[in-house]
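Report on one structure; see the data block that follows.
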Amino acid sequence: MRCCASRLRHAVAGVEESQYFASMRAQILRDLYTHTNDRSLAGRVDPQIAAVVDYINGSFSQYVTSSSCGGRVSLFHKGTRGAGRAASPQASTKAGESLAPAAACSAERLKRGSFGRGTLFQSHDPLPTDTSITVRESIVPALEEFWAWRQTQLSDAVLQGSEVLQLKFEPMILHVLCADVEAAAELLKCGSESGQMNSGIVSCSRGTKAHRKITCCITSPLCVDVPLFAHGTWVMPPSDLRGAVWATFLTASLTHVNALFEENAMRRERFLLELRTRAEKAAMQQQRRHSRG
């Protein structure tokens, strides 16, 4: 492991970030702890990533998390509706699985820039080891409900030309505002050392002229995106959604998703460990410098 730089440090008395960043950080933390402006379906930080979020926000004055997801599997439909056609949100709800109230679905669609059906199924937890249970009890019913709705939209050419229904796995993703470029660089080192190889600075253009708003994204390449329906066509005939072919295909896909959940959890823990290790080494280096001085 490379020698730790002093930029990754715990909050230190007498060491302050710019007033602009400190003010922005304080407001974000107030919103986070009161669940204000949280557009996620759960309306709170995922339990799976809460330890990472809490450690960063509680230990480093040069960082603040702005959004996070511990990792998830979802069945998601996006597409643009034709003029004069109102979006028709997914109404059914099942805790931890099928989705939720219309208002939450609407927020999710707005977040994704989509005007299709939105999220039809979602879980932030690994699925049962026998993934055929999830296929039978959650995925297939969601597909059947989607297809019943979609058959009422056959005249919508705009929707047909833009839509896709995807079975997706998305890994941990963490957006962190950084006080400066040096702080961002140290955070990205932690990401690369822990397998979050798709991490990077995603924005540094907003803020003030003197103080840029620097946002890092910490994430990995552990993604799966399986299109099940696109441009009016299914990957396999929808007349047999409860048949053996669909069951085998979906069960195998979700078994692979479970393997990704496991790897994602290990990388998430490695990232937290990397943060702790580098911060502790930085503190020890600082103590040695003070003792020599």
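Under this note's numbering, think of the first position of the sequence shown as 373, with each following residue one higher.
C-beta: ideal position from N, C-alpha, C; glycine also.
The model shown is predicted, which means the values in this text are computed figures rather than measured ones.
- In the three-state reduction of the DSSP assignment, C562 falls in the helix class.
- For S566, same chain residues with a beta-carbon under 7 Å away, outside a window of 5 residues either side, are R639, R642, F643, E646 in chain order.
- In the three-state reduction of the DSSP assignment, D410 falls in the coil class, being assigned neither a helical nor a strand state.
- Unbroken beta strand (DSSP E) runs of no fewer than 3 residues, entirely contained in the stretch 422-452, are found at 435-441, 444-450, following chain order.
- The straight-line gap separating the alpha-carbon atoms of N636 and W519 is approximately 32 Å.
- Q532 and T452 have their C-alpha atoms some 9 Å from each other.
- Contact annotation: S495 and S439 have beta-carbon atoms that are not nearer than 9 Å.
- Ranked by Cα distance from T524, the first of G604, N630, A654 is G604.
- For V536, the uninterrupted beta strand (DSSP E) segment begins and ends at 536-542.
- When Cβ pairs closer than 8 Å are counted between the two stretches, the stretch 591-600 is seen not to touch the stretch 397-417, the count staying below three.
- Nearest Cα to Q568 within the set K540, L546, E634, V417: L546.
- Annotation for P513: no beta strand (DSSP E) segment contains it, though the alpha helix (DSSP H) segment containing it runs 512-522.
- With a beta-carbon spacing of about 6 Å, F493 and I511 fall inside the 8 Å limit used to define contacts.
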